[in-house]
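Chemist: In terms of this note's numbering, the sequence shown opens at residue 1 and continues consecutively.
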Amino acid sequence: MRCVYLVNGKIVIKDVEIPKLEDGDILIKVKYALTDGTDLKTYLRGHHIIKDGPFGHEYSGIVVESRSEKFKVGDEVFGLNSAYCGNCKYCKESRENLCISLKFLFGAYAEYLKIPKEIVNKNVFIKPKEISFKVAPIIEPLSCVFNGIEKLNLKGNENILILGSGSIAIMFFLALSENHNVKIHSRSKDRLKLIKDKLLYEQIEKSFMKEYKDFDYSIVIDTTASFDLVNEILKNPRRGSKILLFSGMESEKFLTFEQSYFHYNEIDIITSFHHKPTSTKKAYEYLRRNHMILENIITTEVELSDIEKAFFLMKERKALKVAISVL
Ligand SMILES: [Zn+2]
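1) What do you get for residue 81, buried or exposed, if any count of 16 or more other CB atoms within 10 angstroms of its CB means buried?
2) With a threshold of 7 Å on Cβ separation, who are the neighbours of residue 136 within its own chain once the five nearest residues in sequence on each side are excluded?
3) Can you name the residues that DSSP bridges to residue 15?
4) When you measure from the CB of residue 3 to every non-hydrogen atom of ligand 1, does any distance come out below 8 Å?
5) My understanding is that residue 162 touches residue 172, with C-beta atoms under 8 Å, so please give their C-beta distance in whole angstroms.
6) Inspect the CB distances between the stretch 5-25 and the stretch 63-78 and report whether three or more fall short of 8 Å.
7) Would you call the stretch 259-271 and the stretch 285-293 in contact, with 3 or more CB pairs under 8 Å?
8) Quick check: what's the CA-CA separation for residue 122 versus residue 197?
9) Would the stretch 35-45 and the stretch 309-316 be scored as touching if the rule is three or more Cβ pairs under 8 Å?
10) At which residues does the beta strand (DSSP E) containing residue 185 begin and terminate?
11) In angstroms, rounded to a whole number, what distance separates the CA positions of residue 240 and residue 309?
12) Since residue 109 is in the alpha helix (DSSP H), which residue starts that stretch and which ends it?
13) Could you tell me whether any non-hydrogen atom of ligand 1 is closer than 8 Å to the CB of residue 160?
14) To the nearest angstrom, how far is it from the Cα of residue 298 to the Cα of residue 58?
15) Between which two residues does the beta strand (DSSP E) harbouring residue 26 extend?
16) Do three or more CB pairs link the stretch 156-170 to the stretch 185-197 at distances below 8 Å?
17) If you compare alpha carbons, which of 244, 203, 114 and 191 is closest to residue 217?
18) Excluding the 5 residues flanking residue 102 on each side, which residues of the same chain have their C-beta closer than 7 Å to its C-beta?
19) If residue 30 and residue 110 are in contact, beta carbons under 8 Å, what's the gap, nearest whole angstrom?
20) Less than 9 Å separating the beta-carbons of residue 181 and residue 154?
21) Mapping the DSSP letters down to three states, classify residue 378 as helix, strand or coil.
22) Ends of the alpha helix (DSSP H) at residue 281?
23) Using only alpha-carbon positions, find the residue among 228, 191 and 28 that is nearest to residue 113.
24) In terms of residues, what are the limits of the alpha helix (DSSP H) holding residue 38?
25) In terms of residues, what are the limits of the beta strand (DSSP E) holding residue 59?
26) For residue 242 and residue 222, I'd like the C-alpha separation in whole angstroms.
27) Smallest Cα separation from residue 55: which of 90, 14 and 20?
28) Decide if residue 247 is buried, meaning its Cβ has at least 16 other Cβ atoms within 10 Å, or exposed.
29) Let me confirm a value: residue 97 is counted as buried when at least 16 other C-beta atoms fall within 10 Å, else exposed. Which label applies?
30) Using the three-state DSSP reduction, which class does residue 254 fall into: helix, strand or coil?
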């Protein structure tokens, strides 16, 4: 079978054996895998969790072999690419995203994907018929987005500023604009054009701000991991605001802020990483209700053999999310 590997920052398509299963595992024929910002970052500059090896982590497909009681051959499934242990101190504090033995799965850019039993048991789901194979893998980044939203502890009717205009920013926008006044700060003309060209445009175009200084926000969500932009925000945040650092920067980036300003104005810096069962549940329900609009975030589709093109388009900001189809 064909399987995409990342080797020293290069994408290599290898012909490898279909993996053998152990008790509790399933094997799926991949229908779609989606690219995301994390994969792009990994491709461009490496990642502290994702190492060289099988690449891709957002998937949907059909079960072709099962050694699990939970799924049978022919089941249409989608899911997440990690599982928490449920027993460590973090899991017991309901912080499963910080689990000390979080088990990850990579290799979604492939014809077949073996999903190990830990993930099968916790984070693989039957795909509802109305949700397409193409959009279903979005459950993974959407779960991360809902983890960020959970941590903000929103009361409703807040003014929210989102930094960035990639797929994560758009997901935050869609999920939050139902109950809040949300603006997107981006200076990328290409992204704005891309969003205009897709049906996302009517709702979102009005919300774009080239400059954010006059917006009376109470919440800032960073999806850019831009050191300069985040430092700029930290210089003079609005009194009483919360700043969510959603996207991870490279190691050894030290942000600075003035302690007394933050103290007397009660500025909160919040972080969020990955997802946990409560956020996945919310993402699942949101996906069921909004899969049509979420599908618009997938701006391009390429076949597995053309995967390099997907990353080129992402890098050039000509695609938000690319669906890698497996024929
Ligand atoms: Zn754990």
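Where a beta carbon is used, it is the ideal one built from N, C-alpha and C, also for glycine.
Modeler: So, from the data block:
1) buried
2) 60, 78 and 127
3) 2
4) No.
5) In this structure, residue 162 and residue 172 form a Cβ contact; the two beta carbons are roughly 5 Å apart against a cut-off of 8 Å.
6) Yes, the stretch 5-25 touches the stretch 63-78.
7) no
8) CA-to-CA, the gap between residue 122 and residue 197 works out to about 38 Å.
9) With a cut-off of 8 Å, the stretch 309-316 and the stretch 35-45 count as touching, because enough Cβ pairs lie within range.
10) 181-185
11) 44 Å
12) Note, residue 109: premise wrong, no alpha helix (DSSP H); not H, not E.
13) no
14) 13 Å
15) That run of the beta strand (DSSP E) goes 26-34.
16) yes
17) 244
18) 82 and 84
19) 6 Å
20) Not a contact, by the Cβ cut-off of 9 Å.
21) A query on residue 378 cannot be resolved here, the shown segment of the chain reaching from 1 to 327 and no further.
22) 277-295
23) Answer by Cα proximity: 28.
24) 37-45
25) 59-66
26) 11 Å
27) From the listed residues 90, 14 and 20, the smallest Cα separation to residue 55 is found for 14.
28) buried
29) Result: buried.
30) Residue 254 carries a coil assignment under DSSP once its states are collapsed to helix, strand and coil.
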